[in-house]
Amino acid sequence: MFLSLPSSSSSFLLFTCLFLLSIFTQPALSSAQLLPNSSTSGHTRRRLLLHRQLSVDYYSKSCPDVERLVGAVTSQQFKLTPVSAPATINLFFHDCFVEGCDASILVASKGGGKAEREAEQNRELREEGFEIVRKAKKLVESKCPGVVSCADILAIAARDFVHLEGGPYYQVKKGRWDGKISMASRVGNNLPHANSTVDQLIKLFASKGLTLEDMVALSGAHTIGFAHCNHFVARLYKPDPNMDPKLKHALRTYCPSYGGSDVAVPFDATTPFLFDNAYYGNLQKKMGLLASDQALYSDPRTKPVVEAMAKNKQKFFQAFASAMERMSLVGVKRGKNHGEKRRDCSIHGSL
Ligand code: HEM
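Read left to right, the sequence shown gives residues -32 to -1, 1 to 319 (mature numbering (1 follows the signal peptide of the UniProt record, and there is no 0)).
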């Protein structure tokens, strides 16, 4: 029953409830101890320039209803398959960090060449995210053919899902073009790993023009969604002073020592269906799922930011919304020389 992540609403709920029950019916912890507790000028210039070129009302004449059309799809799919929300937010992150927010992640492999989505780091991206963009694009194309980029649709859909899950609403600037390049070999070290150190994370995010605060705020997306056992199983079968023993015990039930790569468990064991700031409170209780999550509370540079977000949900919402806006400008393409508009998001030059 638990060998694959269910996506229908009822089995999804059942799975998560059982998981939560298994944590909270463990014997109480014996006074769990808490651990004692930049962006480059080039990036900034480019971002300021993009801020001027992209705009919230970019399609006001050519496709004035674009947000409503995408919204019709996201809200309907959210009811049918709630996992579409984390799937799409994660998809957007994986798109932006490789070649920029240009929908290169949506391109399907053709001939011998492997597209970005075939890279090892992208194998676990759930189909629901791709499906959302496909459906939204189809609807948008039926009203305004050849106008709206796949990259803008993905950015709008990710924002919609943050809001539908109870998170902040923010305006999405539009005017991105789709990328002409999508290669698995270009993924490389552009995506973080579950055991990345805080140093590595800070460097990676800085290389995209994002600050340490942005990085901690964006990690708050792990307040929803799931992770497969292989990303954290190493923490379960060795002493790990940074993991709550109750959580460890519950996770062992689902994740055998050899990995259990088909099983996925919720990131946030307290409010898995809500986009709130519980992720940070969990880190304070040693209930972070990935080593990279928990490390944010051990490192003196990131710990104060975690504490501030845990204390104040509004502060987290503000920081998350502005970090998402900044992330959505990473490596944006403009114009025919640098980009394309695709009718089918999975095929280059499909206009
Ligand atoms: C800071 C470094 C980050 C690391 C090391 C990391 C790592 C991971 C890993 C290992 C998973 C589980 C994948 C799976 O098993 O299917 C995951 C899922 C997820 N990540 Fe991250 N991530 C990071 C940052 C982000 C950011 C910046 C966002 C978005 C703003 C994000 C959003 C998500 C979401 C929503 C999921 C759940 C996906 C689902 O349930 O389908 N992550 N992440």
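Ideal Cβ placement from N, Cα and C applies to all residues, glycine included.
Within 8 Å, strictly: CB atoms of residue i and residue j
{"i": "Asn250", "j": "Ala259", "result": "no"}
{"i": "Lys148", "j": "Leu22", "result": "no"}
{"i": "Asp146", "j": "Thr42", "result": "no"}
{"i": "Gln89", "j": "Leu159", "result": "yes"}
{"i": "Gly188", "j": "Tyr137", "result": "no"}
{"i": "Val155", "j": "Val66", "result": "yes"}
{"i": "Val115", "j": "Cys31", "result": "yes"}
{"i": "Glu109", "j": "Ser150", "result": "no"}
{"i": "Asp312", "j": "Lys254", "result": "no"}
{"i": "Lys281", "j": "Asp244", "result": "yes"}
{"i": "Ile192", "j": "Ala53", "result": "yes"}
{"i": "Asn210", "j": "Gln286", "result": "no"}
CB-CB length for residue i against residue j, believed under 8 Å
{"i": "Ala185", "j": "Phe288", "result": "5 Å"}
{"i": "Ser117", "j": "Arg144", "result": "5 Å"}
{"i": "residue 386", "j": "Leu242", "result": "Here the chain covers residues -32 to 319 and nothing more, so residue 386 does not appear."}
{"i": "Phe200", "j": "Ala162", "result": "6 Å"}
{"i": "Glu96", "j": "Ala55", "result": "4 Å"}
{"i": "residue 329", "j": "Gln139", "result": "Because residue 329 is not part of the residues shown, which for the chain are -32 to 319, the question remains open."}
Residue i CB to nearest heavy atom of the ligand NAP below 7 Å
{"i": "Leu215", "result": "Only the ligand HEM can be found as ligands here, which leaves the ligand NAP out of the picture."}
Helix, strand or coil at residue i according to DSSP, with G and I counted as helix
{"i": "Ser6", "result": "Low per-residue confidence applies at Ser6: pLDDT is 42, beneath 50, and the placement is therefore not dependable, though the value from the model is reported in the following sentence. Three-state DSSP puts Ser6 in coil, outside helix and strand."}
{"i": "Ser(-24)", "result": "For Ser(-24), the predicted model reports a pLDDT of 48, less than 50, meaning its position is unreliable and no value from the coordinates is stated."}
{"i": "Glu35", "result": "helix"}
{"i": "Phe194", "result": "strand"}
{"i": "Asp236", "result": "coil"}
{"i": "Asp146", "result": "strand"}
{"i": "Lys103", "result": "helix"}
{"i": "Glu133", "result": "coil"}
{"i": "Ser110", "result": "helix"}
{"i": "Ala276", "result": "helix"}
{"i": "Ser153", "result": "helix"}
{"i": "Gln1", "result": "Unreliable placement is indicated for Gln1, whose pLDDT of 25 sits below 50; the coordinate value is still reported in the next sentence. The answer is coil: DSSP assigns Gln1 none of H, G, I, E or B."}
{"i": "Lys301", "result": "strand"}
{"i": "Lys216", "result": "helix"}
{"i": "Lys171", "result": "helix"}
{"i": "Gly81", "result": "strand"}
{"i": "Glu308", "result": "strand"}
Can you list, in chain order, every residue whose CB sits closer than 5 Å to a heavy atom of the ligand HEM?
-> Pro54, Ala55, Ile57, Asn58, Phe61, Glu92, Arg94, Pro160, Ala162, Leu186, Ser187, Ala189, Gly193, Phe194, Ala195, His196, His199 and Ser260
Three or more beta-carbon pairs under 8 Å between the region 168 to 185 and the region 219 to 236, yes or no?
-> no
Mind the definition here: the region 57 to 74 touches the region 119 to 134 only if three or more C-beta pairs lie below 8 Å; say whether that holds.
-> yes
State whether the region 274 to 283 contacts the region 105 to 119, with contact taken as three or more CB pairs (one from each stretch) at a distance under 8 Å.
-> no
Do the region 296 to 312 and the region 187 to 203 meet, that is, are 3 or more Cβ pairs less than 8 Å apart?
-> no
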